[in-house]
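UniProt numbering puts the first residue of the sequence shown at 1, with every later residue one more than the last.
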Amino acid sequence: MSFFKRKSKSPSPSAQPSNIDTYVPPPPIPIELDGYSQTTKNRLMSTELAEDIRNILPMRYQVRTNWHLVYSLEQHGASLHTLYRMMKPLTRYDKNGYILVIRDLKNSQFGCFVNEYLHPTDLRRFYGNGECFLWKSKRQGDDVAEEMGGEANHIQFKAFPYTGLNDFIIYCTSEFLSLGGGDGHYGLWCDADLMTGVSDQSLTFGNEPLSEEGTKFNIIGLEVWRVG
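1) Put R124 into one of helix, strand or coil per three-state DSSP.
2) In three-state terms, what does DSSP make of Q75?
3) On the three-state DSSP scale, how would you describe I99?
4) Quick check: what's the CA-CA separation for S79 versus P26?
5) Excluding the 5 residues preceding and the 5 following P209 in the sequence, name in chain order all residues of the same chain whose CB lies nearer than 8 Å to its CB.
6) Do F176 and C190 have their beta-carbon atoms positioned less than 9 Å apart in this structure?
7) Please work out which residues of its chain come closer than 6 Å, Cβ to Cβ, to L165, disregarding the five sequence neighbours upstream and downstream, and give them in chain order.
8) Between the beta-carbon of I29 and the beta-carbon of T65, is there less than 9 Å?
9) If you count every other CB in all the chains shown that lies within 10 Å of the CB of N55, and 16 or more means buried, which is it?
10) DSSP has R139 in a bridge; who is on the other side?
11) Rounding to the nearest angstrom, what Cα-Cα distance links C132 and E213 in this structure?
12) Under 9 Å between the Cβ atoms of V101 and W225?
13) Tell me, which residues are paired with R226 by DSSP?
14) In the DSSP assignment, the alpha helix (DSSP H) including Q62 goes from what residue to what residue?
15) Output the boundary residues of the alpha helix (DSSP H) element that contains E32.
16) Starting from the Cα of G187, find the closest Cα among I53, F205, G35 and N107 and give me that residue.
17) Going by DSSP, what residues sit across from G197 in a beta bridge?
18) Rounded to the nearest angstrom, what separates Y117 and Q140 at their Cα positions?
19) Per DSSP, what are the beta-bridge partners of Q109 in this structure?
Quick look at the structure:
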């Protein structure tokens, strides 16, 4: 003879909950931004923007709370060569991620995250992995806020992760830097003087144009941050 143990009935919705404590993870440690000169007036990175970007980063980068400014157009001058030099790690064992931030004439900000430092390649060789992504950010009500002499109060943030449709992730030369490609369009492209750029739809990231100016934009600010 088989014996079956009667299952207890599920508690009704009106039943009182048990007193078992529910674990609530602690809030993430705030990001610390380091590297601005005291005389730097136009600072592109804010803690609010940094937190938006951190939410999209791979987990091993999310736990790195010290972000260091390695290149600033205002602090170091408008030169792609200088940007490459400032990003180059001290040893080949440094495995850092980097965030590029650009501001255009419409006051919108956008850029990318890359899993390794940007550097020119002699041949048409792409590098980077599927952790890289493009992003854009704009304060809602920027135009109205500027007219009223105030500040916008909400950031609209979008990220465009790697689609896997091609491997055209990062391609840099001494004349330009670029991310994303396919069908003759760059996801993000900047010239050697870091004065003008292009952003169009790309198969690599499935992104929309990043700049509010259109597919072509003027660069009024550019920064590179090392994560960790």
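Beta carbons: idealized from backbone N, C-alpha and C, even for Gly.
On the basis of the data shown:
1) If DSSP states are grouped into helix, strand and coil, R124 belongs with coil.
2) Under the three-state reduction of DSSP, Q75 is assigned to helix.
3) I99: strand per DSSP, three-state reduction.
4) If I take the Cα positions, the gap works out to 42 Å.
5) The beta carbon of P209 lies closer than 8 Å to those of S199, D200, Q201 and T215 in the same chain, with the five residues before and after it left out.
6) Yes, they are a contact pair.
7) The answer, listed in chain order, is L203.
8) Yes, they are a contact pair.
9) Flag for N55 reads exposed.
10) Answer is I155.
11) Taking the straight line joining both Cα atoms gives about 24 Å.
12) Yes, Cβ-Cβ distance for V101 and W225 is below 9 Å.
13) Answer is H68 and Y98.
14) Annotation: the continuous alpha helix (DSSP H) that includes Q62 extends over M59 to Q62.
15) Annotation for E32: no alpha helix (DSSP H) segment contains it, though the beta strand (DSSP E) segment containing it runs E32 to D34.
16) G187 has its Cα closest to that of F205, out of I53, F205, G35 and N107.
17) In the DSSP output, where bridge partners are listed per residue, G197 has C190 and F217.
18) In this structure, the straight-line span from the alpha carbon of Y117 to that of Q140 is close to 32 Å.
19) Looking at the DSSP assignment, Q109 forms a beta bridge with R103 and S137.
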